[in-house]
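Visitor:
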Amino acid sequence: MSGAERCGARPAPSTTGTFMTTATTIKPLVPKLYAGQPDAETLTWFRAKYPNGITAKSSRAYARELYKTKPDREEDPAGEQDWYSSLTDFQEKLLADANRQKRTDPKVKAARARARAADPEYQTKLAKTRMEYADRAEAEGREVRSYRRNVTLTPDQKKTERNERNEKRREHIRTAIGRGQNPFAPSKQHVAFMVCARLLEMGRFDPINDPVVSDLAQKLSITEDAVRKLVGGAIETLRTAKAIRKDGAVIVLR
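All residue numbers for the sequence shown refer to the working numbering, where the first residue is 485 and numbers rise by one.
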């Protein structure tokens, strides 16, 4: 026993083995957010606010805080444009990720659906879109059906539906030509429309020497060979619809 112990003094702590430290972890200061902020400061903000770093939750929180620094569009439109142009690539990526996560959030999607259901203007626009789709589908000989959410088709089911759509379209082409009508839309299927118009007018079509080929080449500003390829696609559509037959190099109506 040492002299200090005999006098009742406590022994000094051992400097070997396990020991405890009183050092504390100093949290970094939270930097103030602004457009054009250096990436290092942005990462410091995440480390100070969220120990797990950049996650879906922290990205959306960062986007909310950063958007608070954006000038109001109505009060300062030029300032808003400057704010967007000042964003760094890293900030733009963080905002894009946050916006994408927000769009796919079930709660946000449910709130958006409720708002749209209660919006008369949106419902009017939706009804118009559905009507246009129905008219277009009927004109192309396709089935008019509503969007089916969360329905996954097997490859065989997809193939069956595709074959049914193709057969209805072919039937529509045959029926229209049988009535002397052109089944193709001139604005979207111009080459097929012109070929079919020539067939309905003359009863036959020469894909090599018909004047329609040179007219289309001039109108579309492409070569005649390119037009003949497009004409070949139109002829193949009519052939699969069993609306034409070949008479040598000439195409004639059935």
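Using N, Cα and C, we set each Cβ at its ideal position, and we do this for glycine too.
Quick one: residues in its chain with C-beta nearer than 6 Å to the C-beta of ARG661, no 5 flanking neighbours on either side, listed in chain order?
Guide: Reading off the sequence shown, one finds Ile at residue 661, where the question assumed Arg. Same-chain partners within the cutoff: ALA727.
Visitor: With C-beta atoms as the reference, is LEU578 less than 8 Å away from SER543?
Guide: yes
Visitor: Give me the Cα-Cα distance between ALA669 and PHE677, rounded to the nearest whole angstrom.
Guide: Straight-line measurement puts the Cα of PHE677 at about 6 Å from the Cα of ALA669.
Visitor: Measure from the alpha carbon of LEU550 to the alpha carbon of each residue in ARG688, LYS541, GLN521 and LYS703, then state which is nearest.
Guide: Comparing alpha carbon positions, the residue from ARG688, LYS541, GLN521 and LYS703 closest to LEU550 is GLN521.
Visitor: So, do the region 581-589 and the region 532-548 have three or more beta carbon pairs nearer to each other than 8 Å?
Guide: yes
Visitor: Taking DSSP as the reference, what is the three-state secondary structure of ARG729?
Guide: strand
Visitor: Would PRO691 and ILE719 be called neighbours here (beta carbons separated by less than 8 Å)?
Guide: yes
Visitor: Under the DSSP definition of a beta bridge, which residues are partnered with ILE735?
Guide: PHE689 and LYS730
Visitor: Identify whether GLN641 lies in helix, strand or coil by the three-state DSSP scheme.
Guide: helix
Visitor: Could you tell me which of ASN650, ASN666 and TYR568 sits nearest to THR724, measuring between CA atoms?
Guide: ASN650
Visitor: Among ALA524, GLN665, VAL697 and LYS591, whose alpha-carbon lies nearest the alpha-carbon of GLU685?
Guide: GLN665
Visitor: TRP529 to ALA623, Cα distance in whole Å?
Guide: 57 Å
Visitor: Comparing alpha-carbon positions, which option in ALA580, THR644 and THR608 lies nearest ALA540?
Guide: That would be ALA580, whose Cα lies nearest to the Cα of ALA540.
Visitor: Does LYS533 come within less than 8 Å of chain C when only Cβ atoms are used?
Guide: No chain C appears in this structure, which consists of one protein chain only.
Visitor: First and last residue of the alpha helix (DSSP H) that includes SER705?
Guide: Unbroken run through SER705: none, as it is neither H nor E.
Visitor: Between GLU525 and the rest of its own chain, which residues show a CB-CB distance below 6 Å, the 5 nearest in sequence each way excluded?
Guide: PRO515
Visitor: Whole angstroms are fine: how far does the CA of CYS680 sit from the CA of ALA711?
Guide: The sequence as given places Val at residue 711; Ala does not occur at that position. Each residue's Cα considered, the two are about 15 Å apart.
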